[in-house]
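Chains as they are written, first to last, in the working numbering: chain B, 4 to 322; chain S, 8 to 467; chain L, 70 to 390.
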């Protein structure tokens, strides 16, 4: 007589099916999309508010929009775009942000490579000091830095040139110190270093040793390894750093306010905050202005998405 | 094997480029305003070219205005720019106290500062950072054209350092005249008493149509400040010896635990803590409601409250929110029972006596300059040279007259003291409105802060 | 292996060290110096400022104990949720075709400036339930509950940013009104805004880390019959753990500096102060640089235990390389 399969041998079908369902593609979609919806609600509120009249905003919730779908206005956007100096401050923001994004990443990657793959006395201690500097409150550093900049400000000015068709000026300000773009670039570079070094060192350090060993055997120098091997493989993390550093400098208000000072050189963030009256009125302009100022960082985000590409590592080991 | 950084996502970058172009075209056509010149260009953009004035240079001004107020200020300065060829570089921020402190400490102060509290004036003057008005030759003119109370406030250790620019009157209770007429309520007069106010509130509550008061004290980091206006109004008007106490609080001779002071707080509680008297509901509602939002329930259709205690700027806020509101018919104020006047103002002082700085200081002190803002609406000038007829409507002209010709006038209490004590008072208001049982500990907490502040000031 | 001259590493490090020295190290030393001086940084007062922090003599203006506790709450709750949700989304989004859109949705809050952030969340948390989204939802839910016979506090609007009572009072009157320490409704509300804002940050970095995991390893595991959850637990997380440590460390340190968010939404009032807002108010609003600097030093000292833990992590990582 054939033995019945023991109970414990029978696969627990119900449980397995349930687990399979949990891990299935369907659940991934459900979970992800519900999170996305939840996350978007405040952004949506902001978007809707930017199309409403200020008196509407103060008296009724945004969900009333669904009752009166045509009760919206683009006046807020128009006011923001027409606001005085908005174009010039947009240009200023670009002049401030682009170098202040690229410089710290460059400087930090040199240091991170040294921390990750070179041996020297005090390496660990020094690295931790660099990371510990993440905690220094920005406002306290501004006092001594401002003092220093005041002493270092030359009379000479940075050359500027006017944009031909679009209008506005690029450049200008002093050569260094207070009221200078260069001074601001240097400051933002310094403030961005601790995090960049921290992140890059972690990623550089995770690269497989064999890569380096074969390169050393081939007689490659540090510089060659850095530019030919380490940097190309660090696409994802450098992309992430570009996004963040850009974002932080783009949104910065305090450092620009203190070190730049001159309102003709001020970035978009300052012009936007000045749209609001000192009693906090007209904040519907703020919501519209925020969306406008968001476009560039978002653009950078989308543009860099392609650098989050899988399998770079696998490809290079084989080759 | 270098990474290719040329953008491959062409559609996206086309989009970005289009956006940039659109932005520039939208902004095109507004580059002809005189106030923000491009860097390095100090010459005026309009005006007769027959006699080109000497370019007097740039003046950096730090103030707190943004939006519409900033535009008004720029129109105030425009005649000066045309006449002197100077260039005003205005930086506005709501955090003016912290930015000013940071800049002065860092060795990079603005040429002129226009804050609204006085604590920093004393600090900077004593440290030698400011130049007195006499250095610009401005002293006699200011003494001649401003009420004595304002002169005293701008004086530190006998030297006159600052003058006042844009003033506002407090201790005013706003109401809806149309609604009052419908309900047959009578606005109070200056010689009414606190009990009259209570009676009016009770009457409104008994009628059950609306809650008597609309009260909101939320204001971000400055939450609680409207409550200090109530306290000062009550102290000066409705408490025996309150006027002396008010002055004593400012110069430190009266502690915050003084019975007169305590009585003022308790009277505040008689209105704010009374069940059903505030349209916001409970204490929680009061501290959660923004001070601006608290103005509007009186003028909604139908109204949701009857009385609101706020300074003169409320008029501007009402008109902005309800563009069809007419001063005097749709909104008006009556004075706080007792009639003593409280005012606040923006004070102007300079950190150096350069030619351009002095020139602008002199200009801002003149009646002509101050009148420009007055005519634009929403401001009162403390300069006695400004005609009452310059004010755009009877309501604000009335307020201006009260301010400049008041018998009993005091500057805003917490702005007069500033510093840690001001922070403590604000926090105290929030505590009291939500947890009234702790009044004694609140008052001693404020006194502790005041004592510490005075001790620190003495060390300088 | 390379015959490096001794000065080569220092050459690579030089720009970093110089910049950090000028902009961060020197000001830190200046700050430490000021913490031993009086309010105007003129005369020596020894440990008086630190004593102020310990004794908390002015809880009305500057409640140092409450601020410290609030910081601990932020360090734990904020970091935990931001990393967990960020990791979850990074993993989930990596599996779907609309990955870029999903990531963008979570990332957008970071692109909104903190000034606008405060405006929008003030709307969300508005007390008036005709305007405030959250209160509209809770009072609506409270109304529904009442219809089925369950009375609760939900039908009343809550002052999310101002109420420092204990969280369960939102629902019911049972239990204490005030919990000791930082467990307040408004703290939770603020932390929620922080999580909403920063999850994009952790998601992006963790996603970058995920992409660096070789697909071969994952495929091999799948071929061997492991299911997704096992892969996640046994392979992904361990490989990713250094990155998780980096992100968590950064976040914890970030919470110590969390200033903008709290300052703009409540200004630190209603017992929501964190050390950074307290320090800012003392130094730049009240003008007391002595206590302000001392608070900043306390902030910097908080970092030490975190650094010790990170050392251990990195040393461990060195050994397995």
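Glycine included, every Cβ here is placed at the ideal spot set by N, Cα and C. Just so we're clear, the structure is a prediction, and the values are computed from it rather than from any experiment.
Is the CB-CB distance between residue 233 of chain L and residue 197 of chain L below 9 Å?
-> Numbered from 1 along the third chain, position 164 holds the residue referred to as residue 233 of chain L. Numbered from 1 along the third chain, position 128 holds the residue referred to as residue 197 of chain L. Contact: no.
Cβ contact check for the region 396–405 of chain S and the region 322–333 of chain L: 3 or more pairs under 8 Å = no
Closer than 7 Å by C-beta to residue 229 of chain L: which residues in its own chain qualify, once you throw out the five before and the five after it? Chain order, please.
-> For this step, residue 229 of chain L is matched to residue 160 along the third chain. 194, 203, 254, 255 and 258, listed in sequence order.
Residue environment, residue 323 of chain L, which counts as buried when at least 16 other CB atoms sit within 10 Å | The count along the third chain starts at 1 and reaches residue 323 of chain L at position 254. Buried, since its Cβ has 16 or more Cβ neighbours within 10 Å.
Any C-beta of chain B sitting closer than 9 Å to the C-beta of residue 149 of chain L?
-> Counting from 1 along the third chain, the entry for residue 149 of chain L is found at position 80. Not an interface residue.
Cα-Cα separation, residue 398 of chain L to residue 288 of chain S = In this structure chain L extends from 70 to 390, so residue 398 of chain L is not present and cannot be described.
In chain order, what residues of the same chain have a beta carbon less than 6 Å from the beta carbon of residue 377 of chain L, not counting five sequence neighbours either side?
-> Looking up residue 377 of chain L in the third chain gives position 308. None.
From what residue to what residue does the beta strand (DSSP E) around residue 314 of chain S run?
-> One-based indexing of the second chain puts residue 314 of chain S at position 307. First-last of the beta strand (DSSP E) with residue 314 of chain S: 312–316.
List the endpoints of the continuous beta strand (DSSP E) containing residue 182 of chain L.
-> Residue 182 of chain L sits at position 113 when you count from the first residue of the third chain. Segment: none, residue 182 of chain L is in no beta strand (DSSP E) and carries neither H nor E.
For residue 306 of chain L, collect the residues of the same chain with a Cβ closer than 8 Å to its Cβ; drop the 5 residues on either side in sequence, then sort them by chain order.
-> Here residue 306 of chain L corresponds to residue number 237 of the third chain, with the count starting at 1. Closer than 8 Å at the Cβ level, and outside the excluded window around residue 306 of chain L, lie 313.
Beta carbon of residue 278 of chain L, beta carbon of residue 239 of chain B: below 9 Å?
-> Taking the first residue of the third chain as 1, we reach residue 278 of chain L at position 209. Taking the first residue of the first chain as 1, we reach residue 239 of chain B at position 236. In this structure, residue 239 of chain B lies closer than 9 Å to residue 278 of chain L by Cβ.
Please confirm whether residue 245 of chain B and residue 298 of chain B have their CB atoms less than 9 Å apart.
-> By one-based count along the first chain, residue 245 of chain B stands at place 242. By one-based count along the first chain, residue 298 of chain B stands at place 295. Cβ distance not < 9 Å, so residue 245 of chain B and residue 298 of chain B don't count as in contact.
Alpha carbon of residue 365 of chain L to alpha carbon of residue 103 of chain S, nearest angstrom = Numbered from 1 along the third chain, position 296 holds the residue referred to as residue 365 of chain L. Numbered from 1 along the second chain, position 96 holds the residue referred to as residue 103 of chain S. Near 22 Å, if we compare the C-alpha coordinates of residue 103 of chain S and residue 365 of chain L.
For chain B, is any of its Cβ atoms less than 9 Å away from the one on residue 97 of chain S?
-> Residue numbering aside, residue 97 of chain S sits at position 90 when the second chain is read from its first letter. Yes, residue 97 of chain S counts as interfacial toward chain B.
Any Cβ of chain L within less than 9 Å of the Cβ of residue 465 of chain S?
-> On the second chain, position 458 is the one that residue 465 of chain S refers to. Answer no: the Cβ-Cβ gap between residue 465 of chain S and chain L never drops below 9 Å.
Should residue 55 of chain B be flagged as near chain S, meaning a C-beta pair shorter than 9 Å?
-> For the purposes of this step, residue 55 of chain B is taken as the residue at position 52 of the first chain. Output row for residue 55 of chain B: interface = no.
If you follow the beta strand (DSSP E) that residue 342 of chain S is part of, which residue opens it and which one closes it?
-> Residue 342 of chain S sits at position 335 when you count from the first residue of the second chain. Here the beta strand (DSSP E) through residue 342 of chain S covers 339–342.
Pairwise C-alpha distance: residue 64 of chain S and residue 271 of chain B | The residue you call residue 271 of chain B lines up with position 268 of the first chain. The residue you call residue 64 of chain S lines up with position 57 of the second chain. Rounded to the nearest angstrom, the two C-alpha atoms are 25 Å apart.
In chain order, which continuous runs of the alpha helix (DSSP H) of length 4 or greater are located wholly inside the region 121–171 of chain S?
-> 126–134, 146–152 and 155–160
Could you please give the first and the last residue of the uninterrupted beta strand (DSSP E) stretch that includes residue 173 of chain B?
-> Here the question's residue 173 of chain B lines up with position 170 in the first chain. Taken as a continuous stretch (DSSP letters only), the beta strand (DSSP E) holding residue 173 of chain B covers 172–174.
In terms of alpha-carbon separation, which member of L/184, L/218, L/225 and L/138 lies closest to residue 201 of chain L?
-> Here residue 201 of chain L is taken as the residue at index 132 of the third chain, counted from 1. Comparing Cα-Cα distances from residue 201 of chain L to each of L/184, L/218, L/225 and L/138, the minimum goes to L/225.
Between the region 267–277 of chain L and the region 287–298 of chain L, do at least 3 Cβ pairs fall closer than 8 Å?
-> no
Label residue 30 of chain B either buried or exposed according to how many other C-beta atoms from any shown protein chain fall within 10 Å of its C-beta, with 16 as the threshold for buried.
-> Mapped onto the first chain, residue 30 of chain B falls at position 27. When all chains shown are included, residue 30 of chain B counts as exposed.
Members of the region 215–232 of chain L near chain S, C-beta cut-off 9 Å = 225, 226, 227, 228, 229, 230, 231 and 232
Quick one: is the Cβ of residue 130 of chain L within less than 8 Å of any heavy atom of the ligand GTP?
-> Within the structure as shown, the ligand GTP is missing, as the structure has no ligands at all.
Is it a yes or a no for the region 228–237 of chain S touching the region 432–448 of chain S, going by three-plus beta-carbon pairs under 8 Å?
-> yes
Residue 389 of chain S and residue 132 of chain S: beta carbons closer than 9 Å?
-> The residue you call residue 389 of chain S lines up with position 382 of the second chain. The residue you call residue 132 of chain S lines up with position 125 of the second chain. In this structure, residue 132 of chain S does not lie closer than 9 Å to residue 389 of chain S by Cβ.
For my contact list, residue 287 of chain L and residue 309 of chain L are in at a C-beta cut-off of 8 Å; report their separation, rounded to the angstrom.
-> Stepping through the third chain from its first residue, residue 287 of chain L is reached at position 218. Stepping through the third chain from its first residue, residue 309 of chain L is reached at position 240. No, residue 287 of chain L and residue 309 of chain L are not in contact; Cβ-Cβ is about 12 Å, not under 8 Å.
Can you name the start and end residues of the beta strand (DSSP E) that residue 180 of chain S belongs to?
-> For the purposes of this step, residue 180 of chain S is taken as the residue at position 173 of the second chain. Residue 180 of chain S -> beta strand (DSSP E) spans 179–182.
For residue 180 of chain L and residue 345 of chain S, the rounded distance between their alpha carbons = On the second chain, position 338 is the one that residue 345 of chain S refers to. On the third chain, position 111 is the one that residue 180 of chain L refers to. Going by the C-alpha atoms only, they are around 53 Å apart.
Establish whether the CB of residue 323 of chain L and some CB of chain B are separated by less than 9 Å.
-> For the purposes of this step, residue 323 of chain L is identified with residue 254 of the third chain, where counting begins at 1. With 9 Å as the cut-off, residue 323 of chain L counts as an interface residue toward chain B.
Complete runs of the beta strand (DSSP E) confined to the region 80–128 of chain S [at least 3 residues] | 94–99 and 119–121
Range covered by the alpha helix (DSSP H) that runs through residue 130 of chain B = If you number the first chain from 1, residue 130 of chain B lands on position 127. Element bounds for residue 130 of chain B: 126–135.
Hey, does residue 147 of chain B have any beta-carbon neighbour from chain S nearer than 9 Å?
-> Your numbering for residue 147 of chain B matches position 144 in the first chain. Chain S contact via Cβ: present.
In chain S, which residues lie with their C-beta within 7 Å of the C-beta of residue 332 of chain L?
-> For the purposes of this step, residue 332 of chain L is taken as the residue at position 263 of the third chain. Here the neighbours are 228.
Determine, using beta carbons only, whether residue 144 of chain B comes closer than 9 Å to chain L.
-> For the purposes of this step, residue 144 of chain B is identified with residue 141 of the first chain, where counting begins at 1. By this cut-off, residue 144 of chain B is an interface position.
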